[in-house]
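Below is one structure; the comments refer to it alone.
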Amino acid sequence: MDFDFALLLVILTAVTGVIWLFDVLFLKKGRIARAQALGAVGGSKEEREQRAAEAMREPAIVEYARSFFPVILIVLGFRSFIAEPFKIPSGSMMPTLLVGDFILVNKFAYGLRVPVLNTKFLAVGEPKRGDVFVFIYPGYSCTRDGKEMRSGRPCDNGESLVPVPKMNYIKRVIGLPGDTITYRNKTLYVNGKEIPSTYTGPYVGSGGEGQRMAGAAVREEMLPGVEHQILNAPVDRGFSQGREGEWVVPAGHYFAMGDNRDNSEDSRYWGFVPEQNLVGRAFVIWMNWDGGIDFKRLGALIK
12 MDFDFALLLV
22 ILTAVTGVIW
32 LFDVLFLKKG
42 RIARAQALGA
52 VGGSKEEREQ
62 RAAEAMREPA
72 IVEYARSFFP
82 VILIVLGFRS
92 FIAEPFKIPS
102 GSMMPTLLVG
112 DFILVNKFAY
122 GLRVPVLNTK
132 FLAVGEPKRG
142 DVFVFIYPGY
152 SCTRDGKEMR
162 SGRPCDNGES
172 LVPVPKMNYI
182 KRVIGLPGDT
192 ITYRNKTLYV
202 NGKEIPSTYT
212 GPYVGSGGEG
222 QRMAGAAVRE
232 EMLPGVEHQI
242 LNAPVDRGFS
252 QGREGEWVVP
262 AGHYFAMGDN
272 RDNSEDSRYW
282 GFVPEQNLVG
292 RAFVIWMNWD
302 GGIDFKRLGA
312 LIK
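The numbering used here puts the first residue of the sequence shown at 12, with every later residue one more than the last.
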């Protein structure tokens, strides 16, 4: 998501609030004085009241600011500290989340943060293994031969650095600070222990991404405390097959992976997620729209 709606809300809140406050402190006093003066001029009672009412009328910009300020402030507060909606744009979290899912993210699960700056000012909780979480993309964006590339390292010589907009990613927490994560032969290991998974059948889906993943193996993975489904694509499908290796999670960071293990660019590619990049924990699907509404997914809890 490239558009920073939170920044827009902060700007609108500040502008409408300043206009409203300036009117209360300075302009309103002048209107009251004019209304009192006009109300004392000769004429019928109705005429005096009409002149006073005209004098008290707010400028249009003040009227709009006074009306919209509390509404925008409430929306900003709700999105910043309670829950924020997001739309799933890709299939990297299939089968848990599908393209077109609209989800709600708990914004206080990992602490309250200053809007836009994302600086935590109140600690509430920390990510747990198995959480589906939203975070700000922590990697780099480079261009090579006119093509954009993203990775966990700075650009090499011959590549040009491209400013990375504030992009929100969604993955699953696999590794906590201090963990050793190993992924080999489509098998996940945490601190040397294999995470068991059970084959439940082939994936059957609809839509472009669903048809693309049709036939992939659906497995029930049993992370400590959380059981969830993952997808493993057939080797002959031309997918990346998921980068293999071993990683040690540094302090203050997390290791993230997509549930669509062979079709997800995650911590295996661009590195660890810093604590300061956390946004919140996804907890419910409130709508799905991928060419039509899928009523079966409405209200589904995310696990």
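Just so you know, even glycine gets a beta-carbon here, dropped at the ideal spot from N, CA and C.
- With contacts defined by Cβ atoms closer than 8 Å, Ile-99 and Leu-108 form a contacting pair.
- Remark: C-beta atoms of Thr-27 and Ile-83 approach each other more closely than 8 Å.
- Contact fails between the stretch 208-222 and the stretch 180-190, because fewer than three Cβ pairs, one in each stretch, are under 8 Å apart.
- Judged by their CB atoms, Pro-106 and Asp-270 are nearer to each other than the 8 Å cut-off.
- Spanning the alpha carbons of Asn-129 and Phe-144 requires a straight line of approximately 15 Å.
- Distance check between Glu-238 and each of Gly-303, Tyr-210 and Leu-19 places Tyr-210 closest, using alpha-carbon atoms only.
- Bounds of the alpha helix (DSSP H) holding Thr-24 are 16-33.
- Distances from the CA of Leu-18 to each of Arg-90, Leu-38, Val-116 and Arg-140 were compared; the closest alpha carbon is that of Arg-90.
- Looking from the CA of Arg-272, the closest CA among Met-298, Arg-195 and Phe-306 belongs to Arg-195.
- Burial state of Arg-279 is buried, judged by a 10 Å Cβ sphere holding 16 or more other Cβ atoms.
- The Cβ neighbour count for Phe-80, taken over all protein chains shown within 10 Å, is at least 16; the residue is labelled buried.
- The beta carbon of Arg-292 sits closer than 6 Å to those of Asn-117, Ala-120, Asp-142 and Phe-144, all from its chain and outside the five residues before and after it, given in chain order.
- Here Thr-24 is buried. Its C-beta has 16 or more other C-beta atoms within 10 Å.
- In terms of Cβ geometry, Arg-124 and Gly-236 do not form a close pair [threshold 8 Å].
- The beta carbons of Trp-300 and Gly-41 sit about 51 Å from each other, so the pair does not count as a contact at 8 Å.
- For the stretch 170-229, the continuous beta strand (DSSP E) assignments of 3+ residues that do not extend past its boundaries occur at 179-186, 191-195, 198-201 and 208-213, in sequence order.
- Within the same chain, Cβ atoms closer than 8 Å to the Cβ of Val-295 are found at Ile-114, Leu-115, Gly-310, Ala-311, Leu-312 and Ile-313, the five residues on either side in sequence being excluded.
- Counting only unbroken stretches of 3 or more residues, the beta strand (DSSP E) elements lying wholly within the stretch 100-132 are 112-117, in sequence order.
- For Pro-138, there is no enclosing alpha helix (DSSP H), as DSSP marks it with neither H nor E.
- In this structure, the beta-carbon distance from Asp-277 to Ala-267 falls below 8 Å.
- Taken through DSSP and simplified to helix, strand or coil, Arg-254 comes out as coil.
- Counting along the chain, Arg-68 sits inside no alpha helix (DSSP H), nor does DSSP assign it H or E at all.
- Judged by DSSP secondary structure, Trp-281 falls within the alpha helix (DSSP H) whose first and last residues are 278-281.
- The distance from the Cβ of Ser-208 to that of Glu-232 is about 4 Å, consistent with a contact at the 8 Å cut-off.
- For Ala-94, the enclosing beta strand (DSSP E) has its first and last residue at 94-98.
- Judged by their CB atoms, Asn-288 and Phe-146 are nearer to each other than the 8 Å cut-off.
- With fewer than 16 other beta carbons inside 10 angstroms of its own, Gly-136 counts as exposed.
- The criterion of a C-beta distance shorter than 8 Å is satisfied by Ile-30 and Ala-76.
- One Cα belongs to Gly-122, the other to Ser-275, and the distance between them is close to 27 Å.
- Collapsing the DSSP output to three states places Val-82 in a helix.
- In this structure Arg-68 is exposed. Its beta-carbon is surrounded by fewer than 16 other beta-carbon atoms within 10 angstroms.
- Shortest Cα-Cα distance from Gly-102 to any of Glu-205, Glu-60, Trp-281 and Tyr-180 involves Tyr-180.
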